[in-house]
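See below for the structure under consideration.
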Amino acid sequence: MDQLKLCWESRPSRHKKAKAETVLAVYINDVSIEELLQEAAKRNNSRTLGDVFINSALVQELLLKDWQNSCHHAGFITLMACACGQWECSTICVKTTQQANWVHWQFHINDVYLKTYGQLPEFWFDAGDYTQALQTLDQLSRL
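The sequence shown begins at 42 in my numbering and counts up one residue at a time.
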């Protein structure tokens with residue numbers, strides 16, 4: 042059984058006007074998705090592609106409904122995006138499905154990511170624990 046943890050973290054901003062920005066950091070079994078990708082790239086004799094967690098403004102604008110719907114409906118959630126700041130450039134997503142009392146994640150990545158990281162693991166979350174972890178998103182309006 043896997044454990045999901047979402048945290049709002051302050052990170053150095055990629056934009057010249059702001060010194061820091063708040064991002065939605067994603068941890069599974071106390072390991073950040075960033076670390077998971079670094080380990081996968083290393084196993085594949087490669088380096089990460091520099092994707093970063095999504096800032097709070099983009100989570101609010103583009104992803105909040107996807108996260109909320111993932112408790113009950115199949116869909117896709119974007120976890121990270123290209124550091125260039127262009128949303129369309131590239132993203133790291135998971136496909137979510139539900140079965141009985143479980144939420145299942147399977148990475149949905151393009152060929153460039155597949156070549157860099159190889160096959161990434163799948164995760165299974167208890168639906169109740171998963172729903173509880175998503176309560177972190179409720180803090181978005183207070184950021």
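Built from N, CA and C at the ideal position, the CB exists for glycine as well. A quick note: this is a predicted structure, and the numbers were derived from the prediction, not measured.
Bounds of the beta strand (DSSP E) holding Thr132 are 132–140.
Put simply, of Ile118, Thr63, Ile150 the residue whose alpha carbon is nearest the alpha carbon of Ser131 is Ile150.
Sixteen is the threshold: when 16 or more other Cβ atoms of the shown chains lie within 10 Å of the Cβ of Thr137, as they do, the residue is buried.
The closest CA to that of Ala168, considering only Gln176, Trp143, Leu181, is found on Trp143.
For Arg52, the enclosing beta strand (DSSP E) covers residues 45–53. Burial is judged here by how many other beta carbons sit within 10 angstroms of a residue's own beta carbon; Ser111 has at least 16 and is buried. Three or more pairs of CB atoms, one per stretch, sit closer than 8 Å, so the stretch 59–74 contacts the stretch 44–51.
Sixteen is the threshold: since fewer than 16 other Cβ atoms of the shown chains lie within 10 Å of the Cβ of Cys125, the residue is exposed.
Per DSSP, reduced to three states, the secondary structure at Gln160 is coil, with no helix or strand assignment. Listed in chain order, the non-local C-beta contacts of His145 below 6 Å within the same chain comprise Thr138, Trp165, local neighbours out to five positions each way being set aside.
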